[in-house]
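K.L.:
Residue numbers (the numbering used here), protein chains in the order written: chain A, 1343 to 1557; chain B, 1343 to 1557.
Idealized CB from N, CA, C, for every residue including glycine.
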């Protein structure tokens, strides 16, 4: 069974923006982008871990919500998804955005030019590597215990893996909002249709899900 | 966590037909209906167990293919889905359509007015019960080890459970074919929109998937 490189539950706006400029501790998604703008569809699903009641959407949003970590054995993320610090690490006190029990539950490879010791929080271990996309993918596959590797983002990281033609499947959720500026995954999904088949799937929540797989 | 009653991967035509009249050993889906007419979309997916190569559709069809048995702990089926014998069992030699290793892998409750001893094939055990939909669902839930119960069909069985308002979610795959006659699940999905939310999702294969969940 092939080990796929998959993008899952990647949220962008109608105009393809996945994050604003100037990400910082106070605004993890950068200028003008509230996480709920792009990820709010997940909070309405029956599978959302934070739900208190037994209701919620059980349609496509929910299928994709609970499919996020199916058969995933490792993740690769850019440094900005780990945290807002840029350049050399001043120390190792910053342990990332993700709290004491990060939602990955696998090895996570953080791409950075500034290595530091691996960090285990809950059942997630972050490894900091200075590697090309192809090298990082080889390392993540070896750590994934035969399972797939999630390319976790952010935008720049997904684009690097697309440019290197290393992505096998993508699930991108387009929310009904337009930003006009910011970090852009694409102008439209059709940018990728020379290389990928695309299912374009409108859900009742107003989000349109795009599932892409290699031609 | 609630134990849902779920219809999964139920195939019908544009005009809502899930099987023809006169099912028999030679034509399990009845007059004029070839299984591939309604279920061919599954054979094209990457997850189809019979695939020899590593290709195949990895879009929505594939998500729904591999979601078929996620969190399912028991199935309920009508007698016609077990086999073509009608009335009292002449003997117990007929072991169903499903071969020596049926694809259910859970307890299966077969609704029939003619009980017979339980039958284990592979890791599937068929129980034959003379019960109302509500009684059968209670029995299946007790056997499902906390998981959901799949209402497996055929058409008449799904309709009985809908009439008793016992279904929580449905995935119905509408194939681009019209039969004009046969056993009909619905005239259109809108028949159910008073009770269910509906995501209507066209896939590249030509099949339109409908995901329904209770309002």
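Counting only C-beta atoms, is residue 1545 of chain A closer than 8 Å to chain B at any point?
P.N.:
Yes, its Cβ sits closer than 8 Å to a Cβ of chain B.
K.L.:
Any idea what DSSP makes of residue 1535 of chain B, helix, strand or coil?
P.N.:
Three-state DSSP puts residue 1535 of chain B in coil, outside helix and strand.
K.L.:
Could you tell me whether the Cβ of residue 1492 of chain B comes closer than 8 Å to any Cβ of chain A?
P.N.:
Judged by the 8 Å Cβ criterion, residue 1492 of chain B is not in contact with chain A.
K.L.:
Please name the residue, chosen from B:1515, B:1350, B:1472, that lies closest to residue 1379 of chain B on a Cα-to-Cα basis.
P.N.:
Comparing Cα positions, the closest option is B:1515.
K.L.:
State the start and end residues of the unbroken alpha helix (DSSP H) segment that holds residue 1494 of chain A.
P.N.:
From DSSP, residue 1494 of chain A is part of no alpha helix (DSSP H) but of the beta strand (DSSP E) over 1490-1495.
K.L.:
In terms of residue numbering, what span does the beta strand (DSSP E) encompassing residue 1461 of chain A cover?
P.N.:
1461-1463 is the span of the beta strand (DSSP E), which, as asked, contains residue 1461 of chain A.
K.L.:
Can you name the residues of chain A whose CB is closer than 7 Å to the CB of residue 1401 of chain B?
P.N.:
Residues of chain A passing the Cβ test: 1539, 1541, 1553, 1555.
K.L.:
Considering only C-alpha positions, which residue in the set A:1355, A:1456, A:1541 is nearest to residue 1402 of chain A?
P.N.:
Out of A:1355, A:1456, A:1541, A:1541 has the C-alpha closest to the C-alpha of residue 1402 of chain A.
K.L.:
Taking C-alpha atoms, which residue in B:1521, B:1429, B:1526, B:1549 lies nearest to residue 1387 of chain B?
P.N.:
That would be B:1549, whose Cα lies nearest to the Cα of residue 1387 of chain B.
K.L.:
Which first and last residues belong to the beta strand (DSSP E) in which residue 1515 of chain B is found?
P.N.:
From DSSP, the beta strand (DSSP E) with residue 1515 of chain B extends over 1511-1517.
K.L.:
Using beta-carbon positions only, say whether residue 1489 of chain A and residue 1398 of chain A come within less than 8 Å of one another.
P.N.:
Contact: no.
K.L.:
Quick one: what's got a C-beta closer than 7 Å to residue 1465 of chain B's C-beta in the same chain, skipping five residues either side?
P.N.:
Only 1447 meet the Cβ criterion.
K.L.:
So, helix, strand or coil for residue 1393 of chain A, using DSSP?
P.N.:
Coil, per DSSP.
K.L.:
Grouping DSSP H, G and I as helix and E and B as strand, with all else coil, what is residue 1453 of chain A?
P.N.:
Residue state, collapsed to three classes: strand.
K.L.:
Have a look at B:1537, B:1536, B:1553 and flag the residue whose alpha-carbon is nearest the alpha-carbon of residue 1544 of chain B.
P.N.:
Per the Cα distances, B:1553.
K.L.:
In the stretch 1492-1525 of chain B, which residues sit with their C-beta less than 7 Å from some C-beta in chain A, listed in chain order?
P.N.:
Listed in sequence order: 1511.
K.L.:
Counting along the chain, where does the beta strand (DSSP E) carrying residue 1564 of chain A start and finish?
P.N.:
It is not possible to answer for residue 1564 of chain A, since the shown part of chain A is limited to 1343 through 1557.
K.L.:
Around the C-beta of residue 1429 of chain B, are 16 or more other C-beta atoms found within 10 angstroms, so that it is buried, or is it exposed?
P.N.:
The residue in question, residue 1429 of chain B, is exposed, as its Cβ has fewer than 16 Cβ neighbours within 10 Å.
K.L.:
May I ask you to verify whether the stretch 1475-1487 of chain B touches the stretch 1496-1506 of chain B, counting CB pairs closer than 8 Å and requiring at least 3?
P.N.:
The stretch 1475-1487 of chain B, when compared against the stretch 1496-1506 of chain B, does touch it at the 8 Å Cβ threshold.
K.L.:
Could you pull the start and end residues of the beta strand (DSSP E) that residue 1468 of chain B belongs to?
P.N.:
Start and end: 1466-1471.
K.L.:
Between the C-alpha atoms of residue 1499 of chain A and residue 1493 of chain A, what's the straight-line distance to the nearest angstrom?
P.N.:
The alpha-carbon atoms of residue 1499 of chain A and residue 1493 of chain A are separated by roughly 8 Å.
K.L.:
At a CB-CB cut-off below 8 Å, which residues of chain A make contact with residue 1405 of chain B?
P.N.:
Here the neighbours are 1405, 1406, 1409, 1553.
K.L.:
Pull up the CB-CB distance for residue 1426 of chain A and residue 1365 of chain A, whole angstroms please, since I reckon it's below 8 Å.
P.N.:
Their Cβ separation, rounded to whole angstroms, is 6 Å, which keeps residue 1426 of chain A and residue 1365 of chain A in contact under 8 Å.
K.L.:
Can you pull the chain B residues whose beta carbon is under 7 Å from the beta carbon of residue 1344 of chain A, in chain order?
P.N.:
In chain order: 1396.
K.L.:
Determine the closest residue to residue 1485 of chain B out of B:1376, B:1468, B:1431, with distance taken between C-alpha atoms.
P.N.:
Among B:1376, B:1468, B:1431, the Cα nearest to that of residue 1485 of chain B belongs to B:1468.
K.L.:
Could you tell me whether the stretch 1355-1374 of chain B touches the stretch 1524-1540 of chain B, where touching means 3 or more Cβ pairs closer than 8 Å?
P.N.:
Yes, the stretch 1355-1374 of chain B touches the stretch 1524-1540 of chain B.
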